[in-house]
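Data block below; observations after.
Protein chains in written order, with the numbering used here: chain A, 92 to 563; chain B, 92 to 563.
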């Protein structure tokens, strides 16, 4: 249909909905089935519109929707591409390995997931056995949509100790992760939310789907600029701005907490990688400053595994009933057995032990990343490394697209910073790579760093020689 | 505000949305917080509208929405009441027991849930340990939204053997239960669906929320009358009509399968209690007759526990990609560990052993129900008892409301058949109780039956004496 595009869009009216919905669905399908592989470039929307004989706007809107949902990424100078994060195809002819969801490239430096080899299988199995044998019979009846009381009771002292959270079990609602929390909060709070101008497109997509309009807040080295924040709520990553990496400056923390206390926007605190601090004292949650004005969201996706689907919200009291009501009459999502097992792991100390072990491991990996980059690609700056499972490699203007292309050639799955930028951000474009150092298996981490350095070297040298300026 | 109604509706504009949304929310909240307890009667919508100074239609619509969602039930002659199914209050001052979600009445004869005491804790813990130790590392990475391949591979031979399902692992999508399946299918299929005129109001509520219009299909002793079925899809419970209890007549099965094969409405087969057959040969799934025209939905909610949140869809091939896309880029709901454990239980025979044990137990309970009713309340007819975890006690016209009221007085949590009737059904009103015989603990089952019989005796005798005709 279009040069290089292996897709065939069936826009039959039978599939229902608008033209735009049909284009969106057909593109999503093409990505899912692997006809548009991760990283591949889409045709300019004008060409696709011409090929399909439909309005340009229709295709442009479909692209924008898929960018918001995380299926596509749009970068200046590099056009629209399929996200490298997309799961490999669900082709009926090609069954996949159990749980496999990593891109096909050999070196995984995508942020957001712990090394699956580190999951504490034995500790989890033992905790599950203890939890199963101790649970009252009612635990196996219809689940409380607020979450198992045992888990909520175990979370209170843990969050108080580790994050300075002030709450009670009655103000906690268990959910299947931060995405689920945001879906519920979108439904309950609604309206317009301020969000950081860098953040997960996946989250922005969820909010848009839930009817929440988002307006970008500037982000600088001190975190989000929360001074003039308006709207019904403000979604923040105060401990470790995602993905750029700085903590929210203490004056800004105090200011946003104070405003939340006095009727300003509700603070939605995404405490996504709270357990992993390296060089500096942990910063407590903003929630501790204003329990009645802050919703804290946490999960075990970074600390244990994204395969568990367990998270929590710590809520101001008046929101609890509405959030539980939005969740449903019974627990429909989170496994009660996993909830009881996590409670057991929290109270028995196994969770702490695992987090300590992981912290040590990730610190070593982070040091190694900083070290090899300083040696081999000294002209780039590595930022946001005091905490978390990823760092940002800042690049010269225009270097992101060629660096991503080179990374792909060297077999490295990694994301560009531009993919995280709010489409309405007015800040100057910032080039960079978001490098996740947790996901790669131990034996692959060294080779992954070698490949990354080689890719960066290649991209930067080519720029220096003037032989590749296509991305600038 | 209104005689006997302990609610205070704050319709502040700050909560967003329409008046109707505000009324709906405030009522949901009042139910959640226990200000409107399970079984309590709401004021006629005219009185509430007058009290609030808003249009009658607004309140009527809010009531209808909450009925569709399962919060309220509306019965002829008995007005609108809070559903006896509603979870007890989430009052911050009153923490609840772990997982507790049963109504406050001492005798639980509500359908839809197995006895929580029967959950095979030891077998589950052992299977979890085996599954955790055998799983590849990737299993603990971001989950495949289609579901763990191991579980899908284990389901294929199980469903083939037990239900005559013809499929492959590539056509199965794992979800968190039938409610989740319906939400996804509503999004993918859309349009108007035919549904049985008796069915779960909770499901109708989900579909309405997902933008699907439902039109009722008549139900008779041979199941749904599928002859003239139109619309994009038809949602059926062919093995055991829910809740009235008959299997779909074999000629109707063949007819609806044939139409699905030849471009007629897609059949959505809710195979909710497939494992539990007593007196007759199991009827295979309609899916086996037309794998390309039927979506089969199943779950472990009846066979193991509603606390697990694990279900599956068996799909025609062209729908797989769209359903997975609607579910998301990664697994966001079902615990991968539970998925692997269930796979282990299916392949190792533990699941079969548990189902056999439960079948024996439920058959005994069913026999006991039929026996005591025949002895003590011989004028009622018990139907739909060949399968499942519940039976229908058919009552004389007008006897349902007084029977429910008497049940409440005798401490029995049980539902009326009217609560399941589609609001647009044109069939003659049918009075009855839907009696779940699985949920009560073993030692409480006998007393629960005694209390049920006493309540029925009381209600029917009062009618006979002419002293209570309020419900007719």
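Beta carbons are placed, not taken as given, at the ideal position from N, Cα and C, and that holds for glycine.
Under 8 angstroms from the C-beta of residue i: neighbouring residues of chain B
{"i": "residue 429 of chain A", "result": "426, 428 and 429"}
{"i": "residue 116 of chain A", "result": "413 and 416"}
Contacts of residue i in chain A (Cβ-Cβ under 7 angstroms)
{"i": "residue 204 of chain B", "result": "232 and 233"}
{"i": "residue 481 of chain B", "result": "Correct list: empty, because the minimum Cβ distance to chain A is about 15 angstroms."}
{"i": "residue 119 of chain B", "result": "416"}
{"i": "residue 396 of chain B", "result": "231"}
Per-residue contacts from residue i into chain D (C-beta, under 9 angstroms)
{"i": "residue 275 of chain A", "result": "The structure shown contains no chain D; its protein chains are A and B."}
Residues that residue i contacts on chain A, provided the C-beta gap is smaller than 8 angstroms
{"i": "residue 399 of chain B", "result": "426, 427 and 428"}
{"i": "residue 109 of chain B", "result": "Going along chain A, no residue has its Cβ under 8 angstroms from residue 109 of chain B, so there is no contact; the nearest lies around 12 angstroms."}
Residue i: contacting residues in chain B (beta-carbon distance under 9 angstroms)
{"i": "residue 223 of chain A", "result": "210, 212, 213, 215, 216 and 219"}
{"i": "residue 466 of chain A", "result": "What residue 466 of chain A touches in chain B: nothing, since even the nearest Cβ is about 30 angstroms away."}
{"i": "residue 271 of chain A", "result": "423 and 424"}
{"i": "residue 321 of chain A", "result": "Simply none; closest approach about 15 angstroms."}
Chain B residues whose Cβ lies nearer than 7 angstroms to that of residue i
{"i": "residue 267 of chain A", "result": "423 and 424"}
{"i": "residue 456 of chain A", "result": "Within 7 angstroms Cβ-Cβ: nothing; residue 456 of chain A doesn't reach chain B, min ~17 angstroms."}
{"i": "residue 294 of chain A", "result": "The contacting residues do not exist; residue 294 of chain A stays about 12 angstroms from chain B at best."}
{"i": "residue 501 of chain A", "result": "By Cβ distance, chain B contributes nothing, its closest Cβ being about 22 angstroms from residue 501 of chain A, past 7 angstroms."}
Which of helix, strand or coil DSSP assigns to residue i
{"i": "residue 126 of chain A", "result": "coil"}
{"i": "residue 195 of chain B", "result": "coil"}
{"i": "residue 392 of chain A", "result": "coil"}
{"i": "residue 96 of chain B", "result": "With a pLDDT of 44 at residue 96 of chain B, under the threshold of 50, the modelled position of that residue is not reliable, and the figure given next carries that caveat. Reduced to three states, the DSSP call for residue 96 of chain B is strand."}
{"i": "residue 486 of chain A", "result": "coil"}
{"i": "residue 438 of chain A", "result": "helix"}
{"i": "residue 189 of chain B", "result": "With a pLDDT of 29 at residue 189 of chain B, under the threshold of 50, the modelled position of this residue cannot be trusted; read the value that follows with caution. Coil at residue 189 of chain B, not helix or strand."}
{"i": "residue 70 of chain B", "result": "Any property of residue 70 of chain B remains undetermined from this structure, which presents chain B solely from 92 to 563."}
{"i": "residue 555 of chain A", "result": "helix"}
{"i": "residue 481 of chain A", "result": "strand"}
{"i": "residue 432 of chain A", "result": "helix"}
{"i": "residue 415 of chain A", "result": "helix"}
{"i": "residue 209 of chain B", "result": "helix"}
{"i": "residue 364 of chain B", "result": "coil"}
{"i": "residue 149 of chain A", "result": "helix"}
{"i": "residue 402 of chain A", "result": "strand"}
{"i": "residue 115 of chain B", "result": "helix"}
{"i": "residue 106 of chain A", "result": "At residue 106 of chain A, the pLDDT of 41 sits below 50, so the modelled position is not reliable; the number obtained from the coordinates is stated separately. Three-state DSSP puts residue 106 of chain A in a helix."}
{"i": "residue 183 of chain B", "result": "Note that residue 183 of chain B scores 32 on pLDDT, short of 50, meaning its location in the model is unreliable; the coordinates nonetheless yield the value given after this. Of the three classes helix, strand and coil, the one that applies to residue 183 of chain B here is coil, per DSSP."}
Top-ranked residue by Cα proximity to residue i, from the options
{"i": "residue 112 of chain B", "options": "A:431, A:520 and A:413", "result": "A:413"}
{"i": "residue 369 of chain B", "options": "B:214, B:476 and B:342", "result": "B:476"}
{"i": "residue 298 of chain A", "options": "A:311, A:288, A:283 and A:289", "result": "A:283"}
{"i": "residue 276 of chain B", "options": "B:151, B:415 and B:132", "result": "B:415"}
{"i": "residue 229 of chain A", "options": "B:232, B:530, B:546 and B:556", "result": "B:530"}
{"i": "residue 308 of chain B", "options": "B:300, B:333 and B:235", "result": "B:333"}
{"i": "residue 489 of chain A", "options": "A:508, A:131 and A:336", "result": "A:508"}
{"i": "residue 498 of chain B", "options": "B:478, B:526 and B:487", "result": "B:526"}
{"i": "residue 365 of chain A", "options": "A:500, A:203 and A:162", "result": "A:203"}
{"i": "residue 235 of chain B", "options": "B:535, B:152, B:548 and B:266", "result": "B:266"}
{"i": "residue 438 of chain A", "options": "A:140, A:241 and A:534", "result": "A:241"}
{"i": "residue 456 of chain B", "options": "B:480, B:446, B:263 and B:435", "result": "B:480"}
{"i": "residue 442 of chain A", "options": "A:405, A:409, A:462 and A:391", "result": "A:391"}
{"i": "residue 382 of chain A", "options": "A:372, A:356, A:399 and A:352", "result": "A:352"}
{"i": "residue 285 of chain B", "options": "B:278, B:303 and B:293", "result": "B:303"}
Chain A contact residues for residue i, given Cβ-Cβ distances below 9 angstroms
{"i": "residue 207 of chain B", "result": "227, 228, 229, 230, 231, 232 and 233"}
(message) Using 8 angstroms as the cut-off, can you tell me whether the stretch 370 to 377 of chain A makes contact with the stretch 237 to 257 of chain A, which would need three or more C-beta pairs spanning the two stretches below that distance?
(response) yes
To test your reading of the DSSP string, which unbroken alpha helix (DSSP H) runs of 4 or more residues are found completely within the stretch 243 to 315 of chain B? 269 to 280 and 292 to 300, all fully within the stretch 243 to 315 of chain B.
- [ ] State whether the stretch 204 to 219 of chain B contacts the stretch 391 to 400 of chain B, with contact taken as three or more CB pairs (one from each stretch) at a distance under 8 angstroms.
- [x] yes
Counting beta carbon pairs with one atom in the stretch 466 to 482 of chain B and one in the stretch 243 to 252 of chain B, are three or more of them shorter than 8 angstroms? no
### Query
What are the uninterrupted segments assigned as beta strand (DSSP E) that are 3 or more residues long and contained completely in the stretch 483 to 540 of chain A, given in chain order?
523 to 527
Exercise. Please confirm if the stretch 511 to 519 of chain A is in contact with the stretch 528 to 544 of chain A, defined as three or more CB-CB distances below 8 angstroms between the two stretches.
Key: no
(message) Which runs of the beta strand (DSSP E) at least 3 residues long sit entirely within the stretch 448 to 478 of chain A? Give them in chain order.
(response) The beta strand (DSSP E) runs lying completely inside the stretch 448 to 478 of chain A and spanning 3 residues or more are 472 to 474, given in chain order.
If contact is defined by three or more beta carbon pairs under 8 angstroms, each pair taking one atom from either stretch, is the stretch 213 to 232 of chain B in contact with the stretch 214 to 234 of chain A?
Result yes; three or more Cβ-Cβ pairs closer than 8 angstroms.
- With contact counted as at least three CB pairs below 8 angstroms, one residue from each stretch, are the stretch 314 to 322 of chain B and the stretch 333 to 347 of chain B in contact? With a cut-off of 8 angstroms, the stretch 333 to 347 of chain B and the stretch 314 to 322 of chain B count as touching, because enough Cβ pairs lie within range.
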